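Chemist: Got a structure for you, questions after.
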Amino acid sequence: MQHYITMNMDGAKLRTPQGVSVLDVAVEYGVCIPHLCHISSMTDIGACRLCIVEHVSNGRSKITTSCTLEAKEGMVVRTNTDRIRAFRKNVAELLVAEAPNSRAVQDVAVRCGVTNVRYPFRNENCILCGRCVRVCAEVWQAKAIGFIGRGKDRHVDFPFGTRPDFCKMCGTCVDICPMTITPCNGPMKPGEEYLCGQCESQLTMNADFPDTCVSCDLGKGFHCERQRA
Ligand code: SF4
Ligand code: SF4
Ligand code: FES
Numbered sequence: 001m002q003h004y005i006t007m008n009m010d011g012a013k014l015r016t017p018q019g020v021s022v023l024d025v026a027v028e029y030g031v032c033i034p035h036l037c038h039i040s041s042m043t044d045i046g047a048c049r050l051c052i053v054e055h056v057s058n059g060r061s062k063i064t065t066s067c068t069l070e071a072k073e074g075m076v077v078r079t080n081t082d083r084i085r086a087f088r089k090n091v092a093e094l095l096v097a098e099a100p101n102s103r104a105v106q107d108v109a110v111r112c113g114v115t116n117v118r119y120p121f122r123n124e125n126c127i128l129c130g131r132c133v134r135v136c137a138e139v140w141q142a143k144a145i146g147f148i149g150r151g152k153d154r155h156v157d158f159p160f161g162t163r164p165d166f167c168k169m170c171g172t173c174v175d176i177c178p179m180t181i182t183p184c185n186g187p188m189k190p191g192e193e194y195l196c197g198q199c200e201s202q203l204t205m206n207a208d209f210p211d212t213c214v215s216c217d218l219g220k221g222f223h224c225e226r227q228r229a
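Going by the working numbering, the first residue of the sequence shown is number 1, and it counts up by one from there.
Structure representation (structure tokens):
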């Protein structure tokens, strides 16, 4: 039998099945918590850190990623405070500096209020979100790719850099990667990167309800999990 809990999100009392994450609850109820590395029904690793929220407990608030935070009975969560918006905006600004050639990253940066990038652009081709690694392991049970190395050398690759026989050549790792779709005006060359700002979420954003889902289409084909519901 399914058990339910009741939690408080941004002042609203929400009833939800036990065992789901706070991000899943938000997605279900149409509360916008920007996110990139989350894929519904798969293990969350808290990689992109965009989905941070304030979790209020015993009068103290702690900032944590909502995709890795299980919704519990009586829990109080704030998704859109000034503090959260400032932290999230900085996370998004760092992400877009890291990987400006992703339309999904560009779009989510706009959604998080980034209007200017103060960090040097690095034009990386991977944000280490782990979506490819998880889909390979959890959907295809293949484990044909994984994270290799540490620190600045960390990257995704096949074991020993060679595609193994057990790779099913399904292409899901590519389909699910936020780096596969370039910004509106095409790929940016190193040294010529900029904040694009021409994103769907900006066009549909409502200043009166900044925390409400606007069905972002993060670069056509890379959807917010809300649209899968
Ligand atoms: S193509 Fe290979 S590496 Fe990519 S998800 Fe499929 S099995 Fe995994
Ligand atoms: S290759 Fe793409 S999906 Fe895989 S970790 Fe990097 S950005 Fe994420
Ligand atoms: S969606 Fe939670 S850290 Fe990326």
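Note that CB positions come from ideal geometry on N, CA and C, so glycine has one too. Bear in mind the structure is a predicted one, so any value in this text is a computation, not a measurement.
Helix or strand or just coil, what does DSSP make of P34?
Modeler: Note: P34 maps to coil in three-state DSSP.
Chemist: Going by DSSP, name the residue or residues bridged to F147.
Modeler: V156
Chemist: Where are the beta strand (DSSP E) runs, 3 residues long or more, that stay fully inside the segment 1 to 36, in chain order?
Modeler: 4 to 9 and 12 to 17
Chemist: Under 9 Å, do G46 and C32 count as touching if we go by C-beta distance?
Modeler: no
Chemist: Between the segment 184 to 200 and the segment 118 to 126, do at least 3 Cβ pairs fall closer than 8 Å?
Modeler: yes
Chemist: What ranges does the beta strand (DSSP E) occupy inside the segment 31 to 115, keeping only unbroken runs of at least 3 residues that lie completely in it?
Modeler: 52 to 57, 60 to 65 and 76 to 78
Chemist: Please find out if some non-hydrogen atom of ligand 1 comes closer than 8 Å to the beta-carbon of C37.
Modeler: no
Chemist: With DSSP as the reference, label T212 as helix, strand or coil.
Modeler: strand
Chemist: Between the Cα of Q141 and the Cα atoms of G161, T162, R150 and C173, which residue gives the shortest distance?
Modeler: C173
Chemist: Considering I132, what are the terminal residues of the alpha helix (DSSP H) in which it resides?
Modeler: Checking the displayed sequence, the identity of residue 132 turns out to be Cys instead of Ile. Element bounds for C132: R131 to E138.
Chemist: Looking only at its own chain, which residues have a Cβ that is under 8 Å from the Cβ of F87, when we skip the five neighbours before and after it?
Modeler: Hits under 8 Å: I52 and I63.
Chemist: Would you say F158 and L128 are within 9 Å of each other, going by their C-beta atoms?
Modeler: no
Chemist: Assuming contact is defined by CB atoms lying nearer than 9 Å, are T68 and S102 in contact in what I supplied?
Modeler: Cβ atoms of T68 and S102: not closer than 9 Å.
Chemist: Under 8 Å by Cβ, that's how I've got P100 and M188 pegged, so tell me the actual separation to the nearest angstrom.
Modeler: 6 Å
Chemist: With DSSP as the reference, label V174 as helix, strand or coil.
Modeler: helix
Chemist: Assuming F166 contacts A144 (C-beta within less than 8 Å), just tell me the rounded distance between them.
Modeler: 6 Å
Chemist: If I measure Cβ to Cβ from M75 and keep anything under 6 Å in the same chain, skipping five residues before and after, which residues do I get?
Modeler: M7
Chemist: Using a threshold of 8 Å, is the CB atom of G171 nearer than that to any non-hydrogen atom of ligand 1?
Modeler: A heavy atom of ligand 1 is found nearer than 8 Å to the CB of G171.
Chemist: Compare the Cα-Cα distances from Y29 to each of K13, L50 and C112 and report the closest residue.
Modeler: Of K13, L50 and C112, the residue nearest in Cα terms is K13.
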